[in-house]
Amino acid sequence: MTAPGIIGAHEAGLTGCTLCGHVAPAGTRHCARCGARLHPVDLRSLQRVWAWWLAGLICYVPANLYPMLRTSTLVGTQTNTIAGGALELAEHGSWVVAAIVFIASIMIPIGKFAAIAYLSLAVARERGPGGHRQLRLYEVVDFIGRWSMIDVFVVAILSSLVQLGFVASIHPGPAAVAFAMSVAFTMLSAQSFDSRLIWRVPAVPSSAASGRAVPGEAQPADAGPKPSIS
Amino acid sequence: MCVQNASIPKAAAPGDMIACPECDALLRAVPLGPTERARCPRCGSLLVSPRVRSFLQVVALAFTALILMMAAVFFPFLGIAAHGLSHESSVIEVALAFSDGWLAPLSVAVLAVIVGLPMLRFCAIIYVLWPLANGRPAWPKARAAFRLAEGLTPWSMAEIFIVGTAVALVKIGGLATISIGPAFWAFCGLVIVTTLKNAFMSRWSIWAALERS
Numbered sequence: 540m541t542a543p544g545i546i547g548a549h550e551a552g553l554t555g556c557t558l559c560g561h562v563a564p565a566g567t568r569h570c571a572r573c574g575a576r577l578h579p580v581d582l583r584s585l586q587r588v589w590a591w592w593l594a595g596l597i598c599y600v601p602a603n604l605y606p607m608l609r610t611s612t613l614v615g616t617q618t619n620t621i622a623g624g625a626l627e628l629a630e631h632g633s634w635v636v637a638a639i640v641f642i643a644s645i646m647i648p649i650g651k652f653a654a655i656a657y658l659s660l661a662v663a664r665e666r667g668p669g670g671h672r673q674l675r676l677y678e679v680v681d682f683i684g685r686w687s688m689i690d691v692f693v694v695a696i697l698s699s700l701v702q703l704g705f706v707a708s709i710h711p712g713p714a715a716v717a718f719a720m721s722v723a724f725t726m727l728s729a730q731s732f733d734s735r736l737i738w739r740v741p742a743v744p745s746s747a748a749s750g751r752a753v754p755g756e757a758q759p760a761d762a763g764p765k766p767s768i769s
Numbered sequence: 002m003c004v005q006n007a008s009i010p011k012a013a014a015p016g017d018m019i020a021c022p023e024c025d026a027l028l029r030a031v032p033l034g035p036t037e038r039a040r041c042p043r044c045g046s047l048l049v050s051p052r053v054r055s056f057l058q059v060v061a062l063a064f065t066a067l068i069l070m071m072a073a074v075f076f077p078f079l080g081i082a083a084h085g086l087s088h089e090s091s092v093i094e095v096a097l098a099f100s101d102g103w104l105a106p107l108s109v110a111v112l113a114v115i116v117g118l119p120m121l122r123f124c125a126i127i128y129v130l131w132p133l134a135n136g137r138p139a140w141p142k143a144r145a146a147f148r149l150a151e152g153l154t155p156w157s158m159a160e161i162f163i164v165g166t167a168v169a170l171v172k173i174g175g176l177a178t179i180s181i182g183p184a185f186w187a188f189c190g191l192v193i194v195t196t197l198k199n200a201f202m203s204r205w206s207i208w209a210a211l212e213r214s
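Protein chains in written order, with this note's numbering: chain A, 540 to 769; chain B, 2 to 214.
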């Protein structure tokens with residue numbers, strides 16, 4: 540998978556800054572260029588991923604059990620959970636919106652839990668670099684996580700707008716808080732995941748590592764790959 | 002031009018190299034033309050984006066976004082009318098929908114992600130780029146300010162709020178008459194301006210400029 544001749548900064552005894560890309564000798568605490576804290580590529584960083592992941596999962600349970608919305612109209616009061624809201628939209632025939640709500644508030648959160656767990660388990664097994672498939676998955680998870688907040692905003696807009704006294708009024712339910720916390724925690728979990736672990740080579744002395752030390756196999760520094768420029 | 006051998010980095014100055022923030026590939030930094038971009042040869046993530054647009058354009062877009070945000074906050078956002086009753090709400094009132102009882106902290110969080118954090122981010126970007134755009138040395142704490150702006154990016158959710166508005170409108174569209182206020186359009190403009198600003202902003206050249214100054 541790995542392009543030939545590319546090594547990671549940590550294999551060269553250096554630490555790369557995850558914010559600006561600046562390279563510093565291993566053990567440096569703060570990046571000399573941007574001042575960010577430097578994190579060595581280390582499996583221990585997965586502990587934070589799992590901690591936020593678990594917090595998000597715990598919050599996700601009440602988010603689905605409790606009502607998201609309480610609608611009071613002339614004919615009575617009705618409560619909606621997350622799944623119920625999507626179903627109701629589908630029954631009214633607004634398929635597109637029902638699909639958006641279903642994807643944003645049910646499929647994305649569940650998919651995110653599964654994807655983060657898969658990535659964390661996969662890099663912890665140290666089978667060597669995982670490559671492009673895992674990185675794509677991580678990028679998708681990292682990008683898409685924020686969009687689950689749609690549901691919280693919909694609840695906020697509906698309950699502030701629909702305040703027509705006895706005719707119709709909408710109030711938020713406890714699930715809104717639980718859901719917002721679940722989304723925030725999974726975002727933090729995805730952000731704590733160190734994507735450099737995907738490319739980490741196991742620390743055992745492998746044939747590739749010893750092969751590089753053979754004289755004659757080492758190439759001049761500027762004969763190797765460079766950033767692809769376009 | 003990447004480093005081939007583990008012994009070479011000791012000879013080369015670390016300042017000539019970059020480590021891909023996504024996959025840690027160690028590469029040698031090469032000077033680029035203004036329209037060139039550099040990608041990591043291993044994982045394909047964008048390392049250096051083109052810097053045709055100057056810092057001044059980013060500053061201008063950040064100012065535009067700030068002004069649009071003011072309009073979005075203070076003008077009426079949405080109105081509803083049904084059975085002779087009507088109600089109007091602003092963006093602030095939307096956030097305060099959770100303000101009664103123990104849901105109140107969510108109000109603060111919603112207000113933060115749709116108004117507070119985006120504004121803080123625009124201000125930080127202006128603070129960092131204004132002196133650089135005028136060819137002056139960076140103001141104190143500029144690096145911390147730009148780190149803050151970068152860290153806030155995933156937590157600025159204005160564009161998600163607009164999609165949420167669209168979903169909410171469809172949900173109640175058939176039941177009542179909805180009027181869309183100027184704040185809604187200001188918010189839409191804000192999303193476009195923010196996207197343009199992010200596209201024009203070359204992080205690599207900003208860090209390089211901060212390092213030089």
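From the three backbone atoms N, C-alpha and C, an ideal C-beta is built for every residue, glycine too.
When you compare the CB of residue i with every CB in chain A, is at least one pair closer than 8 Å?
i        : result
Arg40/B  : yes
Met158/B : yes
Ala210/B : no
Thr166/B : yes
Ser206/B : no
Val111/B : yes
Ser180/B : no
Phe201/B : no
Ile173/B : yes
Ser50/B  : no
Ile126/B : no
Phe162/B : yes
Arg213/B : no
Ile193/B : no
Met70/B  : no
Ser90/B  : yes
Cys3/B   : Interpretation of Cys3/B is limited by its pLDDT of 37, a score under 50 that renders its predicted location unreliable; the figure taken from the coordinates is listed afterwards. Yes, Cys3/B counts as interfacial toward chain A.
Ala63/B  : no
Ala184/B : no
For residue i and residue j, what's the separation of their Cα atoms in angstroms?
i        : j        : result
Ile126/B : Ala150/B : 7 Å
Ile181/B : Val31/B  : 51 Å
Arg572/A : Leu33/B  : 19 Å
Cys21/B  : Leu628/A : 44 Å
Leu697/A : Arg40/B  : 44 Å
Met71/B  : Thr567/A : 42 Å
Met720/A : Cys598/A : 7 Å
Ala73/B  : Leu97/B  : 15 Å
Asp534/A : Phe652/A : The shown model of chain A, from 540 to 769, leaves out residue 534/A, and the question about it has no answer.
Leu104/B : Ile642/A : 25 Å
Cys570/A : Ala82/B  : 56 Å
Gly547/A : Pro648/A : 32 Å
Ala143/B : Pro106/B : 31 Å
Val693/A : Asp25/B  : 39 Å
Ala661/A : Leu130/B : 41 Å
Ile689/A : Ile115/B : 12 Å
Ser728/A : Ser584/A : 11 Å
Ser767/A : Ile639/A : 37 Å
Ala594/A : Leu57/B  : 42 Å
Gly552/A : Glu212/B : 23 Å
Arg739/A : Ala139/B : 37 Å
Leu604/A : Met202/B : 43 Å
Ala760/A : Asp17/B  : Low per-residue confidence applies at Ala760/A: pLDDT is 43, beneath 50, and the placement is therefore not dependable, though the value from the model is reported in the following sentence. When rounded, the distance between both Cα atoms is 12 Å.
Report yes or no: is there a C-beta of chain B within less than 8 Å of the C-beta of residue i?
i        : result
His549/A : yes
Arg572/A : yes
Phe692/A : yes
Cys598/A : no
Ser644/A : no
His484/A : No answer is possible for residue 484/A: it lies beyond the span of chain A, which begins at 540 and ends at 769.
Val679/A : no
Arg685/A : yes
Thr618/A : no
Ser633/A : yes
Ser584/A : no
Trp592/A : no
According to DSSP, which residues form a beta bridge with residue i?
i        : result
Asn619/A : Leu608/A
Ala20/B  : Leu27/B
Ile179/B : Ile81/B
Just list the beta strand (DSSP E) runs in the stretch 23 to 84 of chain B, keeping only unbroken ones of 3 residues or longer that don't cross its boundaries, in chain order.
27 to 29, 47 to 49 and 79 to 83
Inter-stretch contact (C-beta, 8 Å, three-pair minimum) for the stretch 45 to 65 of chain B and the stretch 194 to 201 of chain B:
Contact check between the stretch 45 to 65 of chain B and the stretch 194 to 201 of chain B: three or more CB pairs, one atom from each, fall below 8 Å, which counts as touching.
Cβ contact check for the stretch 673 to 683 of chain A and the stretch 653 to 661 of chain A: 3 or more pairs under 8 Å
As far as the Cβ criterion goes, the stretch 673 to 683 of chain A touches the stretch 653 to 661 of chain A, which means the pair count is three or higher.
Can you list, in chain order, the stretches of the alpha helix (DSSP H) that have 4 or more residues and sit fully within the stretch 670 to 755 of chain A?
671 to 683, 689 to 700, 714 to 731 and 746 to 751
Examine the Cβ distances between the stretch 584 to 596 of chain A and the stretch 612 to 625 of chain A and report whether three or more of them are shorter than 8 Å.
Three or more beta-carbon pairs separated by less than 8 Å are not found between the stretch 584 to 596 of chain A and the stretch 612 to 625 of chain A, which leaves the two stretches without contact.
Any contact of the stretch 114 to 123 of chain B with the stretch 75 to 88 of chain B, i.e. 3+ C-beta pairs under 8 Å?
Pairwise C-beta distances place the stretch 114 to 123 of chain B out of contact with the stretch 75 to 88 of chain B, as fewer than three of them are shorter than 8 Å.
Would you call the stretch 573 to 584 of chain A in contact with the stretch 691 to 710 of chain A, where contact means no fewer than 3 C-beta pairs closer than 8 Å?
no
Within 8 Å, do at least three Cβ pairs link the stretch 596 to 612 of chain A to the stretch 150 to 163 of chain B?
No, they do not touch.
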